[in-house]
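J.:
Residue numbers (this note's numbering): 1349 to 1829.
1. Mapping DSSP to helix, strand and coil, what is residue 1814?
2. Classify residue 1713 as helix, strand or coil using the three-state DSSP reduction.
3. When we look at the beta-carbon of residue 1730 and count the other beta-carbons within 10 Å, is it buried (16 or more) or exposed?
4. From 1562, 1618, 1533, 1524, pick the residue whose C-alpha is nearest to that of residue 1578; which is it?
5. Could you spell out where the alpha helix (DSSP H) holding residue 1423 opens and where it closes?
6. What residue range is occupied by the uninterrupted alpha helix (DSSP H) comprising residue 1441?
7. Going by other Cβ atoms of all chains shown within 10 Å of its Cβ, with 16 needed for buried, is residue 1603 buried or exposed?
8. Starting from residue 1658, trace the beta strand (DSSP E) in both directions and tell me its first and last residue.
9. Roughly how many whole angstroms lie between the Cα atoms of residue 1408 and residue 1555?
10. So the candidates are 1783, 1798, 1617, 1800; which of them puts its Cα closest to the Cα of residue 1822?
11. Going by DSSP, what residues sit across from residue 1494 in a beta bridge?
12. At what residues does the beta strand (DSSP E) containing residue 1596 begin and finish?
13. Is residue 1719 helix, strand or coil by DSSP?
14. Rounded C-beta distance between residue 1636 and residue 1707? I'm assuming under 8 Å.
15. For residue 1431, report the span of its alpha helix (DSSP H) as first-last.
16. What is the DSSP secondary structure of residue 1502, reduced to helix, strand or coil?
17. Is the distance from the Cβ of residue 1454 to the Cβ of residue 1427 below 8 Å?
18. Note down, in chain order, each residue of its chain lying with its Cβ closer than 6 Å to the Cβ of residue 1430, except the 5 sequence neighbours on either side.
19. DSSP beta-bridge partners for residue 1792?
20. If you reduce the DSSP assignment to three classes, tell me which class residue 1830 lands in.
21. Which residues does DSSP list as the beta-bridge partners of residue 1563?
22. Distance check for residue 1747 and residue 1352, CA to CA, integer angstroms please.
23. For residue 1467, report the span of its beta strand (DSSP E) as first-last.
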């Protein structure tokens, strides 16, 4: 970012914690752990995002059979995941692994009567996303015999149905910068992320002509990746959609980028089988779905009874929440204000991941009576991933807001010098003013010390042309008007 902030020191410790905790100490369910290891063979260092792709898939496979209760509230199992990271650091490589695994899993389930697919979002209109209406001619029986008339026929949009919504370039989704073709995309995404066990997850749009209301029933899970947009801090602070998604954000240090490039160079010319793990993990996820369906049938297709909770479950969730809350308490006020807005949703994601850990472990538990019970160990598994996502957000916010504040301060300093320059009488027709007089005027208006004003001037000096006449310095404004 900026030399004043040592990015290697700031992020390398975070990376070490991420890789160690995500791959070793987590002790994730076997299928998730093995999947993550295989995925990070092709997407170096990205242990947390790799594990999260497995949970995105598993959450989608479980959504019809699992209802997570919290008193009167009901939540589904889907995980909407947004991964923002430096370009060229493995996002595409991870999807080249995750995408085929998901596709193969869906193909296996298709043969068993379940339909899931992948919608890979590119540049697309609202109508293509949620659907549209067309007129279709039909023959109906009238008072005087058969007659022709036109009726409205819906054309389903690409969001309709089950499976994944994949944003490989989420920065162009309309969330960060809206356009007339994407003016409703935020509303669509907000709606489809509402719980499926409520009434507000169906996307509706009233058409301009007539009273027809278009419906799009989207039950998909969102997987989105992006580089880190410049306007991200304001989007995170102002748009609720970011708080609904589980976010992992990492501005990769240059040293790590160099290591990634070196590892890629060293693998040129080598051939490694990349098909076998896809088949293996697809079979594994299909087995989890089959085991869950068996449980769903055993409880008379009641999604509220599929999952049970151990006596230590609630206290374990509370411990994880307290851990995140304490982590951000030591941050500056501006960081804390934004980061704490995410805690409620993060608790929801924590519980979802805990449930999915129990679901992922079920096939390996021989005693059926012990399956599908969420315990404190499952919460710890989920918590170690959630903490990394939260820490990544807090760490990035801390650096980004510092840089943003510094940039704003420098802009304010430029404006102070420009205003003082405009108010001074020019020494000649070329527009030069005495530098000492300019410094004095800025000092007078800002009430800052002389050394401070000189430091400010050094940082914004590119906005001025300077010349000397005898021993005196003169400056002329050349910055953009």
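Idealized CB from N, CA, C, for every residue including glycine.
T.: Answer, in terms of the structure:
1. strand
2. coil
3. buried
4. 1524
5. Where residue 1423 is concerned, there is no enclosing alpha helix (DSSP H), although the beta strand (DSSP E) it sits in stretches over 1421-1423.
6. 1439-1458
7. Label assigned to residue 1603: exposed.
8. Taken as a continuous stretch (DSSP letters only), residue 1658 belongs to no beta strand (DSSP E), as it is neither H nor E.
9. 30 Å
10. 1783
11. 1489
12. 1594-1598
13. coil
14. 6 Å
15. No alpha helix (DSSP H) holds residue 1431; the beta strand (DSSP E) holding it covers 1429-1433.
16. Here residue 1502 sits in strand by DSSP.
17. no
18. 1572, 1593, 1595
19. The partner list for residue 1792 (beta bridge, DSSP) is empty, contrary to what the question assumes.
20. This structure gives no information on residue 1830, because the portion of the chain shown stretches from 1349 to 1829.
21. 1552
22. Only weak support exists for where residue 1352 lies, its pLDDT of 36 falling under 50; the value from the coordinates is given anyway. Taking the straight line from one Cα to the other gives about 11 Å.
23. Start and end: 1465-1469.
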